[in-house]
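Taken in order, these protein sequences are the chains called A and B.
Here this note's numbering runs 1 ahead of the position in the first sequence, where the first position is 1.
Here this note's numbering runs 165 ahead of the position in the second sequence, where the first position is 1.
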Amino acid sequence: QQQVKQSPQSLIVQKGGISIINCAYENTAFDYFPWYQQFPGKGPALLIAIRPDVSEKKEGRFTISFNKSAKQFSLHIMDSQPGDSATYFCAAKVPRGGSEKLVFGKGTKLTVNP
Amino acid sequence: EPEVTQTPSHQVTQMGQEVILRCVPISNHLYFYWYRQILGQKVEFLVSFYNNEISEKSEIFDDQFSVERPDGSNFTLKIRSTKLEDSAMYFCASSETRDTQYFGPGTRLTVL
């Protein structure tokens, strides 16, 4: 119940293309859904986050789409650049009253070819 | 911009030895976490800490693990008797609001 399923495992996109990463969850009590970007040897860096009462959030080239009824959310990277090449993790937060811990997906390794 | 810092960046130890991983959370944050990431795998929750006590711990966080906030700035993770399977990246995270968690750069622990 506290799993987040992420796909695809890896993704190769040409420069300028759109990268799309999908996540699905079961626990409807999750109340916050962040995306993290991780470069090799570094810690996860918060990219963008959304709450379940919002269907879409955009920050620059990054957009989260959230479908509460389907229990799915996705990250769209517009005009993908070689510098976007990294591993992306979706996550979901256990709600207040608990530990507020994050449950992570398995990650998507994105490669943007020049 | 404030950030979470962790020391050391890499720790090599012999099986059975004790290690202490150190973290300095962002100064006005009150919620602290440790996560770990085995090479190539997802990030896994270990423990959360608030108001000088553990809020929740995962099944990974057994009696060999402990956390402490020894002063107003540091947050430590101690592994009493390391095992080969403890080899991983350990990330400290902190949060002001209990929503957004900011991660440190990690400590790579290698148990030989």
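C-beta atoms are modelled at their ideal positions from N, C-alpha and C, and glycine is treated no differently.
Buried/exposed call for residue i, threshold 16 Cβ in 10 Å
{"i": "residue 104(A)", "result": "buried"}
{"i": "residue 41(A)", "result": "exposed"}
{"i": "residue 232(B)", "result": "buried"}
{"i": "residue 169(B)", "result": "buried"}
{"i": "residue 166(B)", "result": "exposed"}
{"i": "residue 249(B)", "result": "exposed"}
{"i": "residue 108(A)", "result": "buried"}
{"i": "residue 262(B)", "result": "exposed"}
{"i": "residue 102(A)", "result": "buried"}
{"i": "residue 244(B)", "result": "buried"}
{"i": "residue 270(B)", "result": "buried"}
{"i": "residue 65(A)", "result": "buried"}
{"i": "residue 274(B)", "result": "buried"}
{"i": "residue 59(A)", "result": "exposed"}
{"i": "residue 213(B)", "result": "buried"}
Coarse secondary structure for residue i, derived from DSSP in three states
{"i": "residue 250(B)", "result": "helix"}
{"i": "residue 9(A)", "result": "coil"}
{"i": "residue 35(A)", "result": "strand"}
Minimum C-alpha distance to residue i - residue among the options
{"i": "residue 219(B)", "options": "168(B), 242(B), 177(B), 175(B)", "result": "242(B)"}
{"i": "residue 183(B)", "options": "270(B), 260(B), 261(B), 247(B)", "result": "247(B)"}
{"i": "residue 115(A)", "options": "9(A), 3(A), 16(A), 93(A)", "result": "16(A)"}
{"i": "residue 7(A)", "options": "113(A), 92(A), 96(A), 102(A)", "result": "92(A)"}
{"i": "residue 217(B)", "options": "236(B), 166(B), 269(B), 191(B)", "result": "236(B)"}
{"i": "residue 230(B)", "options": "251(B), 263(B), 215(B)", "result": "251(B)"}
{"i": "residue 61(A)", "options": "49(A), 68(A), 108(A)", "result": "49(A)"}
{"i": "residue 55(A)", "options": "43(A), 63(A), 34(A)", "result": "34(A)"}
{"i": "residue 215(B)", "options": "224(B), 240(B), 225(B), 275(B)", "result": "240(B)"}
{"i": "residue 85(A)", "options": "3(A), 69(A), 21(A), 102(A)", "result": "21(A)"}
{"i": "residue 268(B)", "options": "234(B), 225(B), 255(B), 274(B)", "result": "255(B)"}
{"i": "residue 189(B)", "options": "222(B), 234(B), 224(B)", "result": "234(B)"}
{"i": "residue 193(B)", "options": "274(B), 270(B), 173(B), 260(B)", "result": "260(B)"}
{"i": "residue 23(A)", "options": "32(A), 47(A), 36(A)", "result": "36(A)"}
{"i": "residue 174(B)", "options": "43(A), 106(A), 96(A)", "result": "43(A)"}
{"i": "residue 53(A)", "options": "95(A), 32(A), 94(A)", "result": "32(A)"}
Whole-Å CB distance - residue i paired with residue j, under 8 Å assumed
{"i": "residue 25(A)", "j": "residue 72(A)", "result": "6 Å"}
{"i": "residue 45(A)", "j": "residue 74(A)", "result": "About 17 Å; that fails the 8 Å criterion."}
{"i": "residue 272(B)", "j": "residue 211(B)", "result": "Incorrect: roughly 13 Å between the Cβ atoms, too far for contact."}
{"i": "residue 110(A)", "j": "residue 88(A)", "result": "5 Å"}
{"i": "residue 253(B)", "j": "residue 266(B)", "result": "With a Cβ gap of about 18 Å, residue 253(B) and residue 266(B) do not count as contacting."}
{"i": "residue 27(A)", "j": "residue 4(A)", "result": "7 Å"}
{"i": "residue 76(A)", "j": "residue 63(A)", "result": "7 Å"}
{"i": "residue 112(A)", "j": "residue 13(A)", "result": "5 Å"}
Residue i CB to nearest heavy atom of the ligand NAD below 7 Å
{"i": "residue 196(B)", "result": "With respect to the ligand NAD, the structure shown offers nothing to examine, as it has no ligands at all."}
Stretch-stretch touch, CB-based, cutoff 8 Å, three pairs: the segment 193-202 of chain B with the segment 79-86 of chain A: Put simply, the segment 193-202 of chain B does not touch the segment 79-86 of chain A. Fewer than three CB pairs are less than 8 Å apart.
Answer yes if the segment 203-213 of chain B comes into contact with the segment 174-188 of chain B, meaning at least three C-beta pairs across the two stretches below 8 Å, and no otherwise. Cβ pair count under 8 Å is below three, so no.
When Cβ atoms are compared, which residues of the segment 25-55 of chain A fall closer than 9 Å to chain E? The chain inventory of the structure shown lacks chain E, comprising the protein chains A and B.
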